[in-house]
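Peer 1: Below is a structure I'd like to ask you about.
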Amino acid sequence: MTVHVTSPSPSLPPPSSSVGVVGWLRKNLFSSVVNSIFTLAGLYLLYTLVPPAVNWALFQADWIGTTRDACTSDGACWVFVGVRIKQFLFGFYPPSEYWRVVTAFSLIGLLVAWLLIDRTPKKSLVGAFTIFCYPVIAYFLFYGGAFGLPVVETYKWGGLMLTLILATTGMFFSFPIGIVLALGRRSSMPIAKSISVVFIEFWRGVPLITVLFMSSVMLPMFIPENMQIDKLLRAMIGIIFFQSAYMAEVVRGGLQAIPRGQNEAAEALGLSYWKSTGLIVLPQALKLVIPGIVNTFIALFKDTTLVLIIGLFDLLAVVQAAFADPKWLGFSVEGYVFVASVYWVSCFSMSRYSQHLEKKLHTGHAR
Amino acid sequence: MSNSSQKQSWWNNARYRSLFFQVLLVGMLVGFFWFIGSNTLANLDKRGISTGFGFLSLKAGFGILQSLIPFSEADSFGRTFLVGLLNTLLVSVLGIFFATIIGFTIGVARLSNNWLISKLAGVYVEMFRNIPLLLQIFFWYFAVLRALPSPKQSWKAADLAFLNIRGMYLPRPVFGDSFSFVAWTFVLAIVATLFIRRWARKRQDDTGQQFNLWGTGIGLIVALPLLVYFVVGSPLSWDIPKLQGFNFRGGVTVIPELTALLVALSVYTATFIAEAVRSGILAVNSGQTEAASALGLHKNKVLKLVVIPQAMRVIIPQLTSQYLNLVKNSSLATAIGYPDLVAVFAGTTLNQTGQAIEIIAMTMGVYLFISLTISGVMNWYNKKIMLVER
Chain D
-13 MTVHVTSPSP SLPPPSSSVG VVGWLRKNLF SSVVNSIFTL AGLYLLYTLV
37 PPAVNWALFQ ADWIGTTRDA CTSDGACWVF VGVRIKQFLF GFYPPSEYWR
87 VVTAFSLIGL LVAWLLIDRT PKKSLVGAFT IFCYPVIAYF LFYGGAFGLP
137 VVETYKWGGL MLTLILATTG MFFSFPIGIV LALGRRSSMP IAKSISVVFI
187 EFWRGVPLIT VLFMSSVMLP MFIPENMQID KLLRAMIGII FFQSAYMAEV
237 VRGGLQAIPR GQNEAAEALG LSYWKSTGLI VLPQALKLVI PGIVNTFIAL
287 FKDTTLVLII GLFDLLAVVQ AAFADPKWLG FSVEGYVFVA SVYWVSCFSM
337 SRYSQHLEKK LHTGHAR
Chain V
20 MSNSSQKQSW WNNARYRSLF FQVLLVGMLV GFFWFIGSNT LANLDKRGIS
70 TGFGFLSLKA GFGILQSLIP FSEADSFGRT FLVGLLNTLL VSVLGIFFAT
120 IIGFTIGVAR LSNNWLISKL AGVYVEMFRN IPLLLQIFFW YFAVLRALPS
170 PKQSWKAADL AFLNIRGMYL PRPVFGDSFS FVAWTFVLAI VATLFIRRWA
220 RKRQDDTGQQ FNLWGTGIGL IVALPLLVYF VVGSPLSWDI PKLQGFNFRG
270 GVTVIPELTA LLVALSVYTA TFIAEAVRSG ILAVNSGQTE AASALGLHKN
320 KVLKLVVIPQ AMRVIIPQLT SQYLNLVKNS SLATAIGYPD LVAVFAGTTL
370 NQTGQAIEII AMTMGVYLFI SLTISGVMNW YNKKIMLVER
């Protein structure tokens, strides 16, 4: 018998139309007639939108100057933004005191970076400082009235600074309230539970504008006549209540994801309610919902623009007010694009960060 | 620790503790409400504002830019509430309609196997989702619609629709007397199609024979009313806007405030709807699609019978919450002067009457009612479609 040894002939290289750039194009852009039409339509859309926009914003734009006469070309007039940038950032805060705002924001930026970056030492100490000491420092830096810092009334606060203050204060205070409400909603005590449910559903059911209206027209009636509440503080109270309700629902989502066994095991060890909640359940639940918390913060950050309706000068309101300057009429597009890019960069990077966290914190609880 | 049969001091008893805590909570709550209640009464008394809803029947004395029901300055404050509410509902319904269309298109486009299309859809979502809605409203209203030409140089579409700085002018349908025949045929056709669907399902269950429901349905719902329309003599004409002097007459006028609000709300909400659609479709396990193809189902049937029903289970709750957000966000109308509930009632009417508490309570009540109703319906629906796990 003869043995046939069959060795496979070497495989041919794939056809040149299915590899490399051509292959990629054929697979991803021109796989069928319909797809080709869509691709061409998409390219046409890009062609009509992108070059004019880039030309307007960059190549034909005017960057340098101090008056509107500097804007001679057809493109954007960034001189408008440049001339007023201080006002956009600080509102009507006295220029001699700008350093206070810069210090306060640099400090919190440093603290937050310290807490967020892995492998920095003494996290708990820095965390405690951020939570307990920083608010006091920030208050005296922004408002003044002690340590030889002159008082800057809140009506002078404005611009990006006010936006950031509103968002961070809202976040700072709504976090603990939200946790308490979330625990209340899952509590076995009927009265605590119903109070939490009513509170949460009420604030979540109404638009933020009505909340702001309420805090600006109704709040003064709720307090004794000789007491005065600052306009900014009123808006903050409204925002904090509103935000707490959303925060509570986020935290509740985390609490629900923790298996019952955790709580039962803690009880079996003899831990009290507060100990089992504070040491076992909450740390795990909060870790799960960090991305959700970042998302509510993004929403709050965007929602702070609404305060312009009750007459506070946040970033958008300051820019909007600048359009009315008779020397600078007709530059609204530049102003809006500036504000939009500030918000876009902040929100987009935060949402990317939350996606990154979601991946990093993906622990065993989610199926 | 001592054993539990030993006498436990009452303050360590969980029942007493929770009772004590709850009584304390109620006490604090009552105290708080008593505090603000008495302050409010004292403040109102001092300012000479009488409480109650009597102001609703007083004469309003101001005009409203856009009203779906007849409204004049002689009407009451109560009617301003109604006008505002209807305007809010109008912009909400239109916004939901457009946002759904854009959102589903973008959501599906993001999953397209065409690289360019999916990237473009991604850019759309990331771009509009991360810019505050109020800023977008301002942009459309102040930067785009204010830059439109005057009525004489209007942009026009085939001399039927016009767009200028004063608003958008569209042809208005004028229904003749016999148009009701067409409308009734339409309603009857829908009812008939529903019956046919029931019959076709039953027949398919019994015999396995399929019935072309789509063709029959479209034939009944579209063709039959059209036929009736021509039989009764085309009882529909169009009132086309015409330039007279400095402005357009006739047709339907869409005020720029409504256009700006609608565009911004739809574009913004559509990004969230697109994400909901995408996550819903991705949530369907690819094994499901493969199993369906393995059974020999056609591509369209796989989509219709396997993917969409399961994706909807994920999409619908998110979709509803986006619809709710849209209704609540429509209150931003007040920033550009579109006469919605907040602008008319919590704005102008409040300023005229000073009845802050009643007006804010009524306004919040409306939104609360809408929210709670929809979330109630949603919970019921979620229970209904929830997977029955073995």
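Listed in order, the protein sequences are those of chains D and V.
For the first sequence, the working numbering assigns the number -13 to the initial residue and increments by one for each residue that follows.
For the second sequence, the working numbering assigns the number 20 to the initial residue and increments by one for each residue that follows.
Ideal Cβ placement from N, Cα and C applies to all residues, glycine included.
With a Cβ-Cβ cutoff of 7 Å, do VAL271 of chain V and LEU167 of chain V count as a contact?
Peer 2: By one-based count along the second sequence, residue 271 of chain V stands at place 252. By one-based count along the second sequence, residue 167 of chain V stands at place 148. Taking 7 Å as the Cβ cut-off, VAL271 of chain V and LEU167 of chain V do not qualify as a contacting pair.
Peer 1: Which bits of chain D does ILE376 of chain V rub up against, with CB to CB less than 8 Å?
Peer 2: Position 357 of the second sequence holds residue 376 of chain V. Per Cβ cutoff of 8 Å: MET204 and MET207.
Peer 1: List the residues of chain D that ILE212 of chain V touches, going by C-beta distances under 8 Å, in chain order.
Peer 2: Taking the second sequence and counting its residues from 1, the one referred to as residue 212 of chain V is at position 193. It is Thr, not Ile, that sits at residue 212 of chain V in the sequence shown. Going along chain D, no residue has its Cβ under 8 Å from THR212 of chain V, so there is no contact; the nearest lies around 30 Å.
Peer 1: If you follow the beta strand (DSSP E) that THR272 of chain V is in, where does it begin and where does it stop?
Peer 2: Position 253 of the second sequence, counted from the first residue, corresponds to residue 272 of chain V. Here the beta strand (DSSP E) through THR272 of chain V covers 271 to 273.
Peer 1: Residues of chain D with a CB under 9 Å from the CB of GLU145 of chain V: which are they?
Peer 2: Looking up residue 145 of chain V in the second sequence gives position 126. In chain order: TRP330, PHE334 and SER337.
Peer 1: Of all Cβ atoms in chain D, is any one closer than 7 Å to the Cβ of TYR386 of chain V?
Peer 2: The residue given as residue 386 of chain V occupies position 367 in the second sequence. Yes - at least one Cβ of chain D is within 7 Å of the one on TYR386 of chain V.
Peer 1: How would you list, in chain order, the residues of chain A whose beta-carbon sits under 7 Å from the beta-carbon of PRO210 of chain D?
Peer 2: Looking for chain A here will not work: the only protein chains present are D and V.
Peer 1: On the three-state DSSP scale, how would you describe ASP311 of chain D?
Peer 2: Position 325 of the first sequence, counted from the start, is the residue given in the question as residue 311 of chain D. Correct three-state label for ASP311 of chain D: coil.
Peer 1: Do you know how far the Cα of ILE284 of chain D is from the Cα of VAL323 of chain D?
Peer 2: Translated into positions along the first sequence, residue 323 of chain D becomes position 337. Translated into positions along the first sequence, residue 284 of chain D becomes position 298. Approximately 19 Å, taken between the alpha carbons.
Peer 1: Taking all protein chains shown into account, decide if ALA303 of chain D is buried (16 or more other Cβ within 10 angstroms of its Cβ) or exposed.
Peer 2: Locating residue 303 of chain D in the first sequence gives position 317, where the first residue counts as 1. By the 10 Å Cβ count, ALA303 of chain D comes out buried.
Peer 1: Can you list, in chain order, the residues of its chain with a C-beta nearer than 8 Å to that of SER197 of chain V? Leave out the 5 residues immediately preceding and following it.
Peer 2: Translated into the one-based positions of the second sequence, residue 197 of chain V becomes position 178. Excluding positions up to five away in sequence, the list reads VAL251, GLY252 and PRO254.
Peer 1: Within the 7 Å Cβ cut-off, does SER318 of chain D reach chain V?
Peer 2: Counting from 1 along the first sequence, the entry for residue 318 of chain D is found at position 332. Yes, because at least one Cβ of chain V sits closer than 7 Å to the Cβ of SER318 of chain D.
Peer 1: Nearest chain D C-beta to GLN329 of chain V closer than 7 Å, yes or no?
Peer 2: If you number the second sequence from 1, residue 329 of chain V lands on position 310. GLN329 of chain V does not count as touching chain D.
Peer 1: Quick check on the burial criterion: 16 or more other C-beta atoms within 10 angstroms. Buried or exposed for ASN212 of chain D?
Peer 2: Taking the first sequence and counting its residues from 1, one reaches residue 212 of chain D at position 226. With fewer than 16 other Cβ atoms within 10 Å, it is exposed.
Peer 1: Unbroken alpha helix (DSSP H) runs of length 4 or more, entirely within the segment 84 to 118 of chain V: which are they?
Peer 2: If we require 4 residues or more, the segment 84 to 118 of chain V turns out to have no alpha helix (DSSP H) run fully inside it.
Peer 1: Going straight from the alpha carbon of ARG66 of chain V to that of ILE177 of chain D, what length do you get?
Peer 2: Taking the first residue of the second sequence as position 1, residue 66 of chain V is located at position 47. Taking the first residue of the first sequence as position 1, residue 177 of chain D is located at position 191. Looking at the two C-alpha atoms, the distance is approximately 36 Å.
Peer 1: In the DSSP assignment, what are the bridge partners of CYS57 of chain D?
Peer 2: For the purposes of this step, residue 57 of chain D is taken as residue 71 along the first sequence, with counting starting at 1. Note: CYS57 of chain D sits in no beta bridge, so no partner.
Peer 1: Any beta carbon from chain D within less than 7 Å of MET383 of chain V's own beta carbon?
Peer 2: Here residue 383 of chain V corresponds to residue number 364 of the second sequence, with the count starting at 1. Closer than 7 Å to some Cβ of chain D, the Cβ of MET383 of chain V qualifies, so yes.
Peer 1: Assuming PHE227 of chain D and PHE66 of chain D are in contact, meaning their beta carbons sit under 8 Å apart, how far apart are those beta carbons, in whole angstroms?
Peer 2: Within the first sequence, residue 227 of chain D is the residue found at index 241, counting from 1. Within the first sequence, residue 66 of chain D is the residue found at index 80, counting from 1. With a Cβ gap of about 37 Å, PHE227 of chain D and PHE66 of chain D do not count as contacting.
Peer 1: Any idea if GLN94 of chain V is buried or exposed, counting beta-carbon neighbours within 10 angstroms, 16 or more meaning buried?
Peer 2: The residue labelled residue 94 of chain V in the question sits at position 75 within the second sequence. As written in the sequence, residue 94 of chain V is Asp, which differs from the Gln given in the question. ASP94 of chain V is buried by the Cβ-count criterion.
Peer 1: Helix, strand or coil: which one does DSSP assign to ALA352 of chain D?
Peer 2: The residue you call residue 352 of chain D lines up with position 366 of the first sequence. Residue placement at ALA352 of chain D is flagged as unreliable, the pLDDT there being 44, under the threshold of 50; a coordinate-derived value is accordingly withheld.
Peer 1: Mapping the DSSP letters down to three states, classify SER174 of chain D as helix, strand or coil.
Peer 2: Counting from one through the first sequence, the residue named residue 174 of chain D turns up at place 188. Coil at SER174 of chain D, not helix or strand.
Peer 1: Using DSSP's beta-bridge definition, name the partner residues of CYS333 of chain D.
Peer 2: Walking along the first sequence from the start, residue 333 of chain D turns up at place 347. Note: CYS333 of chain D sits in no beta bridge, so no partner.
Peer 1: Between the C-alpha atoms of SER3 of chain D and TRP10 of chain D, what's the straight-line distance to the nearest angstrom?
Peer 2: Your numbering for residue 3 of chain D matches position 17 in the first sequence. Your numbering for residue 10 of chain D matches position 24 in the first sequence. Roughly 9 Å between the two C-alpha positions.
Peer 1: How about ALA39 of chain D and ALA62 of chain D: do their beta carbons lie closer than 7 Å?
Peer 2: Your numbering for residue 39 of chain D matches position 53 in the first sequence. Your numbering for residue 62 of chain D matches position 76 in the first sequence. Cβ atoms of ALA39 of chain D and ALA62 of chain D: not closer than 7 Å.
Peer 1: So PRO38 of chain D contacts chain V; which residues on that side make the cut at Cβ distance below 8 Å?
Peer 2: Taking the first residue of the first sequence as 1, we reach residue 38 of chain D at position 52. In chain order: nothing, as chain V lies at least about 15 Å away.
Peer 1: At a Cβ threshold of 7 Å, is THR25 of chain D touching chain V?
Peer 2: Along the first sequence, one-based indexing puts residue 25 of chain D at 39. Yes - at least one Cβ of chain V is within 7 Å of the one on THR25 of chain D.
Peer 1: Report the residue from V:LEU213, V:ASN58 and V:ALA289 whose alpha carbon sits nearest the alpha carbon of PHE410 of chain V.
Peer 2: The shown model of chain V, from 20 to 409, leaves out residue 410 of chain V, and the question about it has no answer.
Peer 1: Examine chain V for any beta-carbon lying closer than 7 Å to the beta-carbon of ILE215 of chain D, and answer yes or no.
Peer 2: The count along the first sequence starts at 1 and reaches residue 215 of chain D at position 229. Chain V contact via Cβ: absent.
Peer 1: With a cut-off of 7 Å, does the C-beta of TRP134 of chain V fall near any C-beta of chain D?
Peer 2: What you label residue 134 of chain V is simply residue 115 of the second sequence in a count that begins at 1. Yes, TRP134 of chain V lies at the interface with chain D (some Cβ there is under 7 Å from its Cβ).
Peer 1: Can you name the residues of chain D whose CB is closer than 9 Å to the CB of ILE379 of chain V?
Peer 2: Position 360 of the second sequence, counted from the first residue, corresponds to residue 379 of chain V. Correct list: THR196, PHE199, MET200, VAL203 and MET204.
Peer 1: Using a Cβ-Cβ cut-off of less than 9 Å, list which residues of the segment 152 to 165 of chain D approach chain V; keep chain order.
Peer 2: Result list empty, no residue passes.
Peer 1: Would you please state the rounded distance, in angstroms, between the beta carbons of PRO192 of chain V and TRP257 of chain V? I believe it to be under 8 Å.
Peer 2: As a position in the second sequence, residue 192 of chain V is number 173, starting the count at 1. As a position in the second sequence, residue 257 of chain V is number 238, starting the count at 1. Between TRP257 of chain V and PRO192 of chain V the Cβ distance is about 6 Å, and since that is below 8 Å, they are a contact.
Peer 1: If we call anything under 7 Å between Cβ atoms a contact, is LEU154 of chain V one with THR204 of chain V?
Peer 2: In the second sequence, the residue the question calls residue 154 of chain V occupies position 135. In the second sequence, the residue the question calls residue 204 of chain V occupies position 185. Not closer than 7 Å, so no.
Peer 1: By Cβ distance below 8 Å, which residues in the same chain neighbour LEU343 of chain V in space, the five residues on each side in sequence not counted?
Peer 2: The residue you call residue 343 of chain V lines up with position 324 of the second sequence. Same-chain partners within the cutoff: ILE389, SER390, ILE393 and SER394.
Peer 1: Say whether chain V places a C-beta atom closer than 7 Å to the C-beta of ARG353 of chain D.
Peer 2: Here residue 353 of chain D refers to the residue found at position 367 when the first sequence is read from its first residue. Interpretation of ARG353 of chain D is limited by its pLDDT of 40, a score under 50 that renders its predicted location unreliable; no figure is taken from the coordinates.
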